[in-house]
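I have placed the structure first, in the form of structure tokens, so that the comments after it can refer back to it.
2 protein chains.
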Amino acid sequence: MASERQSQPLAMTASETATKSSTVPSSIDRTLVEKLVRIAGNPPIDIQLWDGSKCVYEDGPARNTMEFKNRSAFYDVLKSREIGFGDRYSDGSIEVHGDLVEFLCEIYESQRKANQNQSFQLKLLGNLTRKKAKDNTLDGSKSNIHHHYDLGNEFYTLWLDREAMQYTCAYFARPDYSIEQAQAAKMEHVCRKLMLKPGQSVVEAGCGWGGLARYMARNYGVKVKSYNISHEQIVYAQERAQIEGLSDQVEYIEDDYRNISGEFDVFVSVGMLEHVGKQNYQVLGSVVDRCLSKDGMALVHSIGRNVPELMSAWIEKRIFPGAYPPTIREMMDIVEPCNFSVLDIENLRLHYAETLRHWLARYNENEDKVRSMFDEQFVRAWRLYLSGSIAAFLVGSLQLFQMVFTRGSNNDVPRTREHLYPMSDQI
Amino acid sequence: MASERQSQPLAMTASETATKSSTVPSSIDRTLVEKLVRIAGNPPIDIQLWDGSKCVYEDGPARNTMEFKNRSAFYDVLKSREIGFGDRYSDGSIEVHGDLVEFLCEIYESQRKANQNQSFQLKLLGNLTRKKAKDNTLDGSKSNIHHHYDLGNEFYTLWLDREAMQYTCAYFARPDYSIEQAQAAKMEHVCRKLMLKPGQSVVEAGCGWGGLARYMARNYGVKVKSYNISHEQIVYAQERAQIEGLSDQVEYIEDDYRNISGEFDVFVSVGMLEHVGKQNYQVLGSVVDRCLSKDGMALVHSIGRNVPELMSAWIEKRIFPGAYPPTIREMMDIVEPCNFSVLDIENLRLHYAETLRHWLARYNENEDKVRSMFDEQFVRAWRLYLSGSIAAFLVGSLQLFQMVFTRGSNNDVPRTREHLYPMSDQI
């Protein structure tokens, strides 16, 4: 697995490194550094070049410094911004001195302001020229999901919560919750939104390591069928259900959500929509329409956006192929064609920043283990991915939407949301 | 006012009534009745014709009967469905025996099912051929709003809640609330969603009789500027603020929301969006963008739809010219272009059905007074409008959305919605 990852070209030959690194920056180099700073919206950072010289933030002092350890790293950033930065940070030719999350927040913020001034045409061009991941066809999805989720359960065990292996936004009903408590609170929040009753049948699209399904079965006495196309996750989920004595209540199925069959009282999908691709939202809606009982309740939980935007090119290329976080408008493609009625949308953006902070802290503690499983480049890439995600939620470029919906004709709906609050102390 | 209303043609001459009513239905008439029943999706109702003969619901017995008192009423319904029914019910040539709300639910339900089978082209044609009300330009809005809201405060006093004259969806935090309690709970719910703090400045777009502004000033110690283009409402609101000693905290301004100026901590609009017209949602968003402080909170409360659909032609013609209830997708035109972040959307559909039930009960109690202010035709038209609205919310053809949003960069947002619950007993 690790070697497959390394084989992806982080383009710089050994000779290049040798020659370019030793070169003193030319006046053209320095002009281009200034240009890059301008394009990036003049972020409050210092830039250190490969000879040790600095391009200092003019309204300084800056709190963070980006160091280009060789010229080619600089040119890669100039050439293909996000991918250049991501890849060269990963291979160590870019270093950030200071606080990586804060640095990324500063970059995103100034980039956002610069983008506001960028013409619509330029943005469109950027989106059109993006090299595409595999489409989320049945086969494409399998390949895209395998890339990320089949890295080995052992790897994820190092930094996710220890109870339920939830790789989605937690719910910090109280700010001092541990990640274990916050993930339990998230599952509880979802169950309450769905008004689960003992004996009901639930179908889950995209179940990760199956924690939510087991939580529902254990705490609400429901029967759950959970679909997932990640082989490693399904194997883990089945084992855990066995150990916890829930095998007769929870069934994990290694199959695509498009192949869901049967009728259920509840449909739930937490953290799958990001991988569905917006061209498939209608299909997802028709799956819910096909499988939901007359007065059934449904919940979709997904990373989202305030305005449509592609995933960071680097994240899409190296971390999450085929991923796309939708706007609320785009999510309406799931519900509108089937005349579903949206009952509730909650934005949990800052909960995801907090969740990621917990993950990153554990990840950093376990860096040596990650290095022994993969290599230094992988360690740095995932540190960047987790840090960048914190920054994206903090500056508001990513959102987290929980949407509850039901059939338009269903009058058996909760009148208020009082039943969701408060979260119990026992979480 | 009343005479202006009467002057609108409810086309039937006296001679027509005399000749047609006495005519025995022909075989063509009977064939057309069957056709109408088929087009309407075969609703579970009996139809009584002008000679007393009945066309009985085939899967009967039906609980409700629609009586055509003359042939022309029948032909008007056949010709221009909603308008025909509304106008001829109003002038008394159509009578509904049984329960009017239940009857309308049955009609809407079967119509909805029939529409699902109707081709997209046919629906589009229906929408395109609709005669338009005045556009919601500055002048057009004034004329449209005058038509409905300037019927005289005395009229609305007869059937709205007696405390705050709220002509928008109430919030039945408990099912046994009186309409006065439920309207207070609605205002409290809105204030909590907006996290009002003493000393803050609030701008309100569309304030009705000003009840919410006074509630906010009295209970939260904020300063409110409220805009409204209905002259009668503004006069009433100002008098009430004076009487309640709130004149230095609340300012009512007779002007269009597009002319709002200044900067405010909070933007609120309850029940105005229905009259804004979807071509103006971006304008509304830019007004919020212009007037909202850096970390300000905003709330828009509006009747809505699950899928795009024009307002009932009769409601639009006789009751609410220029009105349009948006889908969530369409509401995104308010927030997306300005990079606002949606924090919360709540659907209060069944609360509006309940609110309307309270209004209709009081309206029916005061029928004689309404008749003396206007005439029988007006009494029947408004009975139909209130009953039809109950039915529309009950069958799910109308929704009620409360949307909270803020700037995308604002991190000073509530982490949970626990502060909204429970509603105090003192309401």
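Line order of the protein sequences matches chains A and B. Numbers given in my numbering equal positions in the first sequence, counted from 1, plus 576. Numbers given in my numbering equal positions in the second sequence, counted from 1, plus 576. Heads up, the beta-carbon is just placed ideally off N, CA and C, and yes, glycines get one too. All values reported here derive from a predicted model rather than from experimental measurement.
- Taking a cut-off of 8 Å for Cβ pairs, the stretch 838-847 of chain B and the stretch 776-792 of chain B touch, as three or more such pairs fall below it.
- Within the same chain, Cβ atoms closer than 7 Å to the Cβ of Ile910 (chain B) are found at Tyr857, Leu860, Gly861, Val876, the five residues on either side in sequence being excluded.
- When secondary structure is reduced to three states using DSSP, Asp752 (chain A) falls in the coil class, being assigned neither helix nor strand.
- Using a Cβ-Cβ cut-off of 8 Å, Asn987 (chain A) counts as an interface residue toward chain B, since at least one Cβ of chain B sits closer than that to its own.
- In the three-state DSSP reduction, Arg816 (chain A) falls in the helix class (H, G or I).
- Gln759 (chain A) is a Cβ neighbour of Asp737 (chain A), given a cutoff of 8 Å.
- For Gly972 (chain B), the C-beta contacts it makes with chain A under 7 Å involve Ser917, Gly984, Ser985, in order along the chain.
- In the three-state reduction of the DSSP assignment, Met887 (chain B) falls in the coil class, being assigned neither a helical nor a strand state.
- Non-local beta-carbon contacts of Ser869 (chain A) in its own chain, meaning distances under 6 Å to residues more than five positions away in sequence, involve Glu839, Asp841 in chain order.
- At a cut-off of 8 Å between beta-carbon atoms, Ala749 (chain A) makes contact with chain B.
- Per DSSP, the unbroken beta strand (DSSP E) holding Asn923 (chain B) starts and ends at 916-923.
- Proximity of Val883 (chain B) to chain A, defined by a Cβ-Cβ separation below 8 Å, is satisfied.
- Contact between Ile755 (chain B) and Ala746 (chain B) holds: CB atoms are separated by about 6 Å, below the 8 Å threshold.
- Listed in chain order, the positions of the stretch 626-659 of chain B with a beta carbon within less than 8 Å of a beta carbon of chain A would be empty, since no residue qualifies.
- In the DSSP assignment, Tyr732 (chain A) falls within the unbroken alpha helix (DSSP H) covering 729-733.
- The closest CA to that of Gly984 (chain B), considering only B:Ser917, B:Ile879, B:Pro897, B:Asp831, is found on B:Ser917.
- For the pair Glu906 (chain B) and Pro601 (chain B), the Cα-to-Cα distance works out to about 46 Å.
- Taking 8 Å as the threshold, the shortest C-beta distance from Thr903 (chain B) to chain A falls below it.
- At a cut-off of 8 Å between C-beta atoms, Asp920 (chain A) counts as an interface residue with respect to chain B.
- Interface flag for Met908 (chain A) against chain B is set, since a Cβ pair is found closer than 8 Å.
- Three or more Cβ pairs closer than 8 Å define a contact, and the stretch 877-897 of chain B meets that threshold against the stretch 956-973 of chain B.
- The DSSP-derived three-state label of Arg647 (chain A) is helix.
- At least one CB atom of chain B sits nearer than 8 Å to the CB of His927 (chain A).
- Boundaries of the beta strand (DSSP E) harbouring His673 (chain B): 670-673, taken from the DSSP string.
- Bounds of the alpha helix (DSSP H) holding Arg657 (chain A) are 657-666.
- Distance from Ile621 (chain B) to Asn646 (chain B) at the Cβ level is roughly 19 Å; contact not present, criterion being Cβ atoms closer than 8 Å.
- Under the Cβ distance rule, Thr744 (chain B) does not count among the residues neighbouring chain A, no pair being separated by less than 8 Å.
- Taking each of B:Tyr812, B:Arg933, B:Gln776, B:Tyr997 in turn and checking the Cα distance to Glu730 (chain B), the smallest one comes out for B:Tyr812.
- Look at Glu994 (chain A): its C-beta is under 8 Å from a C-beta on chain B.
- Bounds of the beta strand (DSSP E) holding Ala874 (chain A) are 868-880.
- Looking at the backbone, the Cα of Ile810 (chain B) and that of Leu822 (chain B) are separated by about 15 Å.
- When the beta-carbon positions are compared, Tyr833 (chain B) and Val798 (chain B) stay at least 8 Å from each other.
- Taking CB atoms only, Asn923 (chain A) has a neighbour in chain B less than 8 Å away.
- Taking Met908 (chain A) as reference, the option from A:Trp935, A:Gln818, A:Met763, A:Ser878 with the minimal CA-CA separation is A:Ser878.
- The C-alpha of Gln953 (chain A) is placed about 30 Å away from the C-alpha of Gly786 (chain A).
- Tyr828 (chain A) has its alpha-carbon roughly 5 Å from the corresponding atom of Ser802 (chain A).
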